[in-house]
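Residues 11 to 93 in my numbering are what the sequence shown lists, from first letter to last. Just so you know, even glycine gets a beta-carbon here, dropped at the ideal spot from N, CA and C. Quantities reported herein were computed from a predicted structural model and do not represent experimental measurements.
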Amino acid sequence: MAHFTIRYFAAAADAALCEAETWELPAGSTVGELRDKLIERYGRPMHRVLQSGSFLVDGRVQRDGNTPLAGSMIDVLPAFAGG
Numbered sequence: 011m012a013h014f015t016i017r018y019f020a021a022a023a024d025a026a027l028c029e030a031e032t033w034e035l036p037a038g039s040t041v042g043e044l045r046d047k048l049i050e051r052y053g054r055p056m057h058r059v060l061q062s063g064s065f066l067v068d069g070r071v072q073r074d075g076n077t078p079l080a081g082s083m084i085d086v087l088p089a090f091a092g093g
């Protein structure tokens with residue numbers, strides 16, 4: 011198992027009802043698996059955020075669901091206007 015700090019920003023924080031939390035996930039988990047777990051836990055509000063949002067995994071943008079989670083810090087970002 012691996013430990014991750016997940017930080018939520020803007021609409022993602024609203025959907026999660028928090029700004030950060032620690033998760034334990036199986037080693038080798040992917041961005042797609044995390045996305046599914048977030049939607050399972052936080053429902054439709056998080057699903058809407060993740061439809062156009064992205065993940066930063068240790069500072070690198072990740073949108074491909076097959077990308078393995080590496081490092082320990084994951085930011086969940088909604089789409090930002092103008093960007």
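To the nearest angstrom, how far is it from the Cα of residue i to the Cα of residue j?
{"i": "L79", "j": "F90", "result": "23 Å"}
{"i": "L66", "j": "V59", "result": "14 Å"}
{"i": "S64", "j": "M11", "result": "23 Å"}
{"i": "H13", "j": "A26", "result": "18 Å"}
{"i": "R45", "j": "G38", "result": "14 Å"}
Using the beta-carbon count (16 or more within 10 Å), is residue i buried or exposed?
{"i": "D85", "result": "buried"}
{"i": "P36", "result": "exposed"}
{"i": "A83", "result": "Before going further, note that residue 83 is Met rather than Ala in the sequence given. Looking at its Cβ environment, which holds fewer than 16 other Cβ atoms inside 10 Å, M83 is exposed."}
{"i": "L87", "result": "buried"}
{"i": "Q72", "result": "buried"}
Based on the DSSP output, what are the partners of residue i in its beta bridges?
{"i": "P55", "result": "Answer is none; P55 lacks a bridge partner."}
{"i": "P78", "result": "T40"}
Would the beta-carbon of residue i fall within 8 Å of that of residue j?
{"i": "G75", "j": "G42", "result": "yes"}
{"i": "E29", "j": "R17", "result": "yes"}
{"i": "T32", "j": "T77", "result": "no"}
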